[in-house]
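Below is one structure; the comments refer to it alone.
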Amino acid sequence: MSEPLILGIESSCDETGVALVRGRELLANEVASSVDQHVRFGGVVPEVASRAHLEAMLPTLRRAADSAGVKLSDIDGVAVTAGPGLMGALVVGISAAKALAYALDKPLYGVNHLAAHCAVDLLDHGPLPAQTVALLVSGGHTSLLKVDGIDQITQLGATIDDAAGEAYDKVARLLGLAYPGGPVIDARAKNGDPNAIRFPRGLTARHDLAKHRYDFSFSGLKTAVARWVETAERDGREVPVDDVCASFQEAVCDVLSVKAVAACTDHGIDDLLIGGGVAANSRLRALLEERCAAAGITLRRPRPALCTDNGAMIAALAAELIERGGQPSGLEFGADSGLPVSRVLV
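Here the sequence shown stands for residues 9 to 354, where the numbers follow this note's numbering.
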């Protein structure tokens, strides 16, 4: 008997993702981003994102089916992000998934967005080890997770204020750089000196580690950058944008990599998985490679296209849960913007 063909829908933020997965084979992965509509605001506007999902859902669905060479009637199940994410954006995806499941008389699976970022690596590198630490870094999330199987995930730590990607966007805006800030700052940092300015590393002081060993904080860093720039401008000095970008990025990636490796060593785990849009950052990848190698930790990195939000991760998680005996969610569940990662299937 062939493995089930699962259609995955992702709409938790500003990307409308639709994908088709059979087992661990990715057949199609189509994404429509509304990032251009948020540029003038310097960040994601929930109402704009929701409307963009409405407009993009059907065209993206058609492209995915055409790319995979299948008819919608061929699918064996529908999977969708139930949370966490922006409430209005989640509702659009869930409504589309429910309509499809009802019209096609197919089972529906509401799954966790964060768990899906872990599951997507199955498509690139096969089964996860018995235990893995996952570092998920994006514009909406910065989390450290302990993965004891894709259906048994525990949160070790998370940001207590800004997500790392959000800090990138805010720093880019105060420097007059384009949105989204992550790729722009990463590019400018290559021409700067990461040691030019010693920006603070949030929640790394000894008194912080007792309570927040695996937690993150980037709000203070963002404020420190703003004050440094303001002081330079007030004193009539030219702001060395490349150096500021490199020094800011070094502070972010230093904390992310140190805490991720610490989570592995503290728990005796030899594998680290990274995901989320910021996982494509060149400095973060370099630091993680260096520090994981020194600690004897294997670094698992999905291809960049699978790190950002996409339907493939949703379909991959559902396919894995189905193989493990997971039951359909039914049509009654709703969007949960704060869905805990311990609830992998709603």
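Beta carbons are placed, not taken as given, at the ideal position from N, Cα and C, and that holds for glycine.
- As far as DSSP is concerned, residue 205 takes part in no beta bridge.
- In this structure, 338 is the residue among 347, 338, 345, 351 with its C-alpha nearest to the C-alpha of residue 116.
- For residue 38, the pairing in a beta bridge is given by DSSP as 26.
- Residue 57 and residue 42 have their C-alpha atoms some 7 angstroms from each other.
- Within its own chain, the residues whose Cβ lies closer than 7 angstroms to the Cβ of residue 205, once the five positions on either side in sequence are excluded, are 236, 251, 252, 255, listed in chain order.
- Looking at the DSSP output, residue 85 sits in a beta bridge with 14.
- By DSSP's assignment, residue 282 forms a beta bridge with 143.
- In the structure shown, residue 325 adopts helical secondary structure according to DSSP, grouped into three states.
- Using a Cβ-Cβ distance cut-off of 8 angstroms, the segment 140-157 and the segment 98-117 are not in contact, since fewer than three pairs of beta carbons, one from each stretch, lie closer than that value.
- In the same chain as residue 284, and ignoring 5 residues on each side of it, the C-beta atoms closer than 7 angstroms to its own belong to 125, 144, 145, 146, 149, 315, in chain order.
- Taking a 10 Å sphere around the C-beta of residue 335, we find fewer than 16 other C-beta atoms and assign the residue as exposed.
- Considering only 306, 246, 106, 260, the residue with the shortest C-alpha distance to residue 170 is 260.
- Fully contained in the segment 122-168 are the following alpha helix (DSSP H) runs of length 4 or more, in chain order: 130-133.
- Excluding the 5 residues flanking it on each side, residue 208 has same chain C-beta neighbours closer than 8 angstroms at 228, 229, 232, 259, in chain order.
- About 5 angstroms separates the Cβ atoms of residue 29 and residue 14, confirming a contact at the 8 angstroms cut-off.
- Under the three-state reduction of DSSP, residue 176 is assigned to helix.
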